[in-house]
Amino acid sequence: MERIGGQGDGVGSLDGRPVYVPATVPGDRLSVRIVSTKGDGLAGEAIELLAAGPDRVEPPCPHFGPCGGCALQQLRDETYAEWKAGLLREALAKRGLRETVLKPLARVAPGSRRRVRFAAGTRGRQVTFGFHQRDSHAVVDIEHCLLLLPALDRLIGPLRSGLEGMLAPGGHAALEATTTEAGIDLLIEQPGNPPDTAMRTRLAALADRLDLARVSWGRPAELPEPIILRRPPAITFGGVAVALPPGAFLQPSREGEALLLAEAQAALEGAERIADLFAGCGSFSLPLSKAAKVHAVEGDKAATDALQAAVKRANIGHRLTVERRDLERAALQPVELKRFDALLFDPPRSGAKAQAEALARGGPPLVVAVSCSPASFARDARILVDGGYRLDWARPVDQFPWSAHLEIVARFSR
Ligand SMILES: C[S@@+](CC[C@H](N)C(=O)[O-])C[C@H]1O[C@@H](n2cnc3c(N)ncnc32)[C@H](O)[C@@H]1O
């Protein structure tokens, strides 16, 4: 194998075409079975490791390999960190932004994830519980996950046994668990009918047994319904408690959130009127509103309702206003942007193309971008730079250890 590819697979070559083989490292010599085509090359499966590359280490998790949760536990840590930071460097280079000042990779340690999406399935009458296999809907049964906070890791066994008898043969579900200040908030996502009375009784017993704060149920992509509320789940941002809607977006760890916030606060120092776009439940808006007037814009109704209610309870409406708006269809335009001296945006993986284009036509002197996709970040950065912004620096943040995902925070000015 010659290098690590963008999705974390080792990459070798066959007749000049790249061959992607999961869980391998540069310098490995392997016999490989070609299983399919993949992008510009082929996907392979390791049959036998003939000689290990110099950067190969023993993966710390016994589930590594079959479990699709992690892609890179077999790689020496220093090499992994270099590769991760390189994802941002390469994405920027592809957009002609090779000269960007890159701050060193900031890292969040494993064992700190406060939010997780488990997969549950069935094998005969038995429940399988854990994570999906790579590129598959099959569920890999796991006992522990090294990425999770202990309170979430401890749930794995009890949730698996709790689902016995609740999941019909052939059935499947996703279980999203979030650690909040009131305890665990659990969302069960499943196709089909809502739970009947008997099922609700069983879920209530499960909530009691595991001391869950809340259990909600919903069909995928539909608004979830709270079923059992034992304590209202809340998270505090900048000293203000927000009542969390079921399934609400949260940065995956407190540490990652704090890293991103610290960079954003330093970059925005001195700004007096800030727009926080794609604001979620206010993880940036609320802390930023201590030093500036903030206008939070977000598309999700449950999130804007939660933030608005928190603002009202804390009586800080003079410092923080909230607007619900679809920023893809209706980006803030130059005439609206005039009232801000700084702007922060933190879009979903697809990025903020429409908003970047509007900023390029006329935006505030300072822009901070937070992103979970090097590719869409680099695209949006190119739009801003072509519109007259300077990309002052970008910082890669490893919020998702052992995966190919990377978070970025960056400052633009003009
Ligand atoms: C990566 S999250 C960031 C949330 C928040 N800044 C945080 O740190 O918790 C992206 C947010 O963008 C919102 N969003 C997605 N598409 C949107 C759109 N078209 N218009 C407005 N908001 C959108 C999502 O609901 C989500 O809250």
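In this note's numbering, the protein residues as written are 49 to 462.
Ideal placement from N, C-alpha and C gives every residue a C-beta, glycine not left out.
C-alpha gap between residue i and residue j, whole angstroms
i: A312; j: E455; result: 13 Å
i: A339; j: L391; result: 14 Å
i: I52; j: G58; result: 4 Å
i: V263; j: A246; result: 15 Å
i: A253; j: R161; result: 26 Å
i: G231; j: R279; result: 8 Å
i: V149; j: R143; result: 15 Å
i: A100; j: D189; result: 28 Å
i: R155; j: P107; result: 19 Å
i: K86; j: E317; result: 45 Å
i: D434; j: D428; result: 10 Å
i: D256; j: H180; result: 28 Å
i: A379; j: P396; result: 14 Å
i: G399; j: A315; result: 20 Å
i: G54; j: D244; result: 45 Å
i: A261; j: L375; result: 33 Å
i: L203; j: V164; result: 11 Å
i: D348; j: A282; result: 18 Å
i: H185; j: P300; result: 23 Å
i: V551; j: T227; result: An answer regarding residue 551 cannot be provided, because it is not within the stretch 49 to 462 covered by the chain.
i: L368; j: R250; result: 42 Å
i: T127; j: I276; result: 46 Å
Spatial neighbours of residue i in its chain, beta-carbon cut-off 6 Å, leaving aside the 5 residues before and after
i: A91; result: Y68, V83 and S84
i: P449; result: P158
i: A354; result: V290, A291, P293 and C329
i: E96; result: S79
i: H111; result: I190
i: P422; result: L135, L136, A139 and L454
i: G304; result: V156 and Q447
Cβ-heavy atom distance, residue i to ligand 1, below 8 Å
i: E305; result: yes
i: D353; result: no
i: V433; result: no
i: G410; result: no
i: F425; result: no
i: P335; result: no
i: A327; result: yes
i: S331; result: yes
i: L207; result: no
i: D233; result: no
i: Q447; result: no
i: L308; result: yes
i: G286; result: no
i: E384; result: no
i: D428; result: no
i: P294; result: no
i: F297; result: yes
i: R377; result: yes
i: D256; result: no
i: P239; result: no
i: R161; result: no
i: V415; result: no
i: F418; result: Here residue 418 turns out to be Val, not Phe, going by the sequence shown. V418: yes, Cβ under 8 Å from ligand 1.
i: V342; result: no
i: V345; result: yes
i: P396; result: yes
i: R165; result: no
i: R373; result: yes
i: D324; result: yes
i: D348; result: yes
First through last residue of the alpha helix (DSSP H) which encompasses residue i
i: T249; result: T245 to L258
i: W450; result: Premise fails: W450 is in no alpha helix (DSSP H) and is neither H nor E.
i: Y128; result: D125 to K142
i: E303; result: R302 to A315
i: V69; result: Not the alpha helix (DSSP H): V69 falls in the beta strand (DSSP E), residues R65 to V69.
i: R430; result: P422 to D434
i: L355; result: K349 to A362
i: S333; result: S333 to L336
i: E384; result: P382 to L385
Same chain only: Cβ atoms within 7 Å of residue i, ignoring 5 sequence neighbours per side
i: A362; result: V288
i: L215; result: A168, T170, V175 and A221
i: V370; result: A344, T352, L355, Q356 and V359
The beta strand (DSSP E) enclosing residue i, as first and last residue numbers
i: F179; result: Q174 to H180
i: A108; result: Per the sequence shown, residue 108 should be read as Pro rather than Ala. Element bounds for P108: n/a, residue is neither H nor E.
i: S264; result: R262 to G266
i: P274; result: E273 to L277
i: S209; result: No beta strand (DSSP E) contains S209, which is instead part of the alpha helix (DSSP H) from I204 to L211.
i: E147; result: Here E147 belongs to no beta strand (DSSP E), and DSSP marks it neither H nor E.
i: R459; result: E455 to S461
Neighbourhood of residue i by C-beta, 8 Å cutoff - its chain only, sequence neighbours within 5 removed
i: P217; result: T170, G172 and R173
Nearest-angstrom beta carbon gap, residue j and residue i [assumed within contact, 8 Å]
i: E346; j: A327; result: 4 Å
i: E404; j: P382; result: One point to set straight first is that residue 404 is Ala, not Glu, in the sequence displayed. Incorrect: roughly 13 Å between the Cβ atoms, too far for contact.
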